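For the record, the sequence lines run as chains Z and W.
Each residue of the first sequence is one higher than the one before, starting from 58 at the first, in our numbering.
Each residue of the second sequence is one higher than the one before, starting from 23 at the first, in our numbering.
The block underneath contains the structure these notes are about, expressed in structure tokens.
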Amino acid sequence: MSEVIVITSGKGGVGKTTTCANIGTGLACQGKKVVLIDTDIGLRNLDVVMGLENRIVYNLVDVVEGNCRVKQALIKDKRYPGLYLLPCAQTRDKTAVNPEQMKKLTAQLKEQFDYILLDCPAGIEQGFQNAIAGADRAIVVTTPEVSAIRDADRIIGLLHAYEVGRIDLIVNRLRNDMIKRGDMMSVADVVDILSVDLLGAVYDDEAVVVSTNHGEPLVCGNSVAGRAYMNISNRILGQEVPLLDLEKEKSVWFRFTGIFQKL
Amino acid sequence: MRIKSLFHKKKSKEVAKDRLKILLISDRINCSPETMEMIKKDIAKVLSRYIQIDPGKMEIEVSKRKINVFW
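See the structure below:
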């Protein structure tokens, strides 16, 4: 029972690539065989976020054009057993691949992998259509900002029109202090507006930047964002995991530091 | 009025939500808020020809059915 999941957003810079890298790694940590496919031809980034940029030999376009076998283009992540990356070409453009070819490729990969994660480019042009062609389900990433939510709504409409089986939402870069002040929409507000199933909420976390700097996914660490991504991975695996409650965590922390102050 | 608004300032989140709701309706049916307003006025006009209505109290909701989605 393998699944092809496309991670998309419409708007750029909301955290598609980070989400893709971390969910993929999270699933691999749970013992699944996972392949991440970067479909952002011409602007590839998943390789650097994963820290695998020095190991690219062949890419997606080579595979599709038949210059190499799929196996030759797959980069095995040595840190996590069962995790592979299929990078895309940097010197070509989105028209180098068509939706039919993507369908064929994902069908082929389904035989070997449990999860195939597609990192979708921003926009709704050919790159988007390539990415969703073979997808069984979609994860829409958004931030609690007007522009990102508007684009997410458009994307959700398109995903419905293309009859993608299941659509889930991840709200990224939430800031608890701003939500409490009433200066940022909460997860509930965003879900209410977009009326789509919620898969997870990720709080804004400096650890994301640090992990990208190192080229190491943070899902296996203990940061707030890392744990949120691990919860999302577990939800994809069918487990029921409650949303992270920052307030509760804070109170535990205060209790902890409170003890030291008393001493 | 100004003093009142000073005390009762709308949170920016509420502003964002209100703007988004109107924006998404017009995005979804592919028409601008002005056009929506004109449609509302026209509907009220036609209805008032036959029945007594208060256009100020009238609410028109646009919803989308799953079938026949044209984007």
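Here a beta-carbon is modelled for each residue, glycine too, at the ideal position from N, C-alpha and C.
All of these numbers come straight from a predicted model, not from anything done at the bench.
By the 10 Å Cβ neighbour count, where 16 or more other Cβ atoms means buried, how is Val247/Z classified, buried or exposed? Burial state of Val247/Z is buried, judged by a 10 Å Cβ sphere holding 16 or more other Cβ atoms.
Within its chain, find whatever has a CB closer than 7 Å to the CB of Asn233/Z; leave out the 5 residues flanking it on each side and keep chain order. Excluding sequence neighbours, Asn233/Z sits near Tyr260 and Leu303.
As a quick exercise: from Glu60/Z, Val71/Z, Leu162/Z and Pro156/Z, pick the residue whose alpha carbon is nearest that of Val228/Z. Relative to Val228/Z, the option among Glu60/Z, Val71/Z, Leu162/Z and Pro156/Z whose CA is nearest is Val71/Z.
When you compare each of Glu122/Z, Cys145/Z and Lys90/Z to Glu110/Z by their alpha carbons, which one comes out closest? Measuring from the Cα of Glu110/Z, the nearest candidate turns out to be Cys145/Z.
Look up Lys133/Z in the DSSP assignment and say whether it is helix, strand or coil. It is a strand residue.
Nearest residue (CA-CA) to Lys35/W, options Val61/Z, Asp225/Z, Met242/Z and Thr200/Z: That would be Met242/Z, whose Cα lies nearest to the Cα of Lys35/W.
Who are the Cβ neighbours of Ser54/W in its own chain at under 7 Å, not counting the five residues just before and after it? Excluding five sequence positions before and after Ser54/W, the CB atoms of its chain that fall closer than 7 Å to its own CB belong to Ser48, given in chain order.
According to DSSP, Gly257/Z sits in a beta bridge with which residue or residues? Ile227/Z.
Write down the C-beta distance between Asp262/Z and Val281/Z rounded to the nearest angstrom, noting that I regard them as a contact closer than 8 Å. Confirmed, about 5 Å.
Between Thr65/Z and Ala188/Z, which are expected to be in contact by the criterion C-beta below 8 Å, what is the C-beta distance as a whole number of angstroms? The distance from the Cβ of Thr65/Z to that of Ala188/Z is about 7 Å, consistent with a contact at the 8 Å cut-off.
Taking a Cβ distance cut-off of 7 Å, strictly less, list which residues of the segment 198 to 219 of chain Z are near chain W, in chain order. The segment 198 to 219 of chain Z vs chain W, Cβ under 7 Å: Val203, Ile206, Arg207, Asp210, Arg211, Gly214, Leu215, His217 and Ala218.
Neighbour flag for Ala66/W against chain Z, beta carbons, 8 Å: So, not an interface residue.
Considering only heavy atoms of the ligand PLP, does any lie closer than 7 Å to the CB of Thr199/Z? What this structure holds is no ligand at all, so the ligand PLP is not there to describe.
On the three-pair Cβ rule with 8 Å, is the segment 167 to 178 of chain Z touching the segment 90 to 97 of chain Z? Flag = yes, the segment 167 to 178 of chain Z and the segment 90 to 97 of chain Z touch.
Pull up the DSSP beta-bridge partners for Asp176/Z, would you. Per DSSP, Ile64/Z and Asp95/Z.
In whole angstroms, give me the CA-to-CA distance for Lys62/W and Asp40/W. The alpha-carbon separation between Lys62/W and Asp40/W amounts to approximately 18 Å.
Taking the straight line between their C-alpha atoms, what separation do you get for Leu255/Z and Leu226/Z? When rounded, the distance between both Cα atoms is 5 Å.
Counting contacts by CB-CB distance shorter than 8 Å, is Ala225/Z in contact with chain W? Correcting the residue identity first, residue 225/Z is Asp in this sequence and not Ala. Cβ-Cβ to chain W under 8 Å: no for Asp225/Z.
Taking 8 Å as the threshold, find out whether the segment 108 to 123 of chain Z comes into contact with the segment 132 to 149 of chain Z through three or more Cβ pairs. Judged by Cβ distances under 8 Å, the segment 108 to 123 of chain Z makes contact with the segment 132 to 149 of chain Z, as three or more pairs qualify.
Helix, strand or coil at Leu140/Z [DSSP, three-state]: Leu140/Z falls in the strand class under three-state DSSP.
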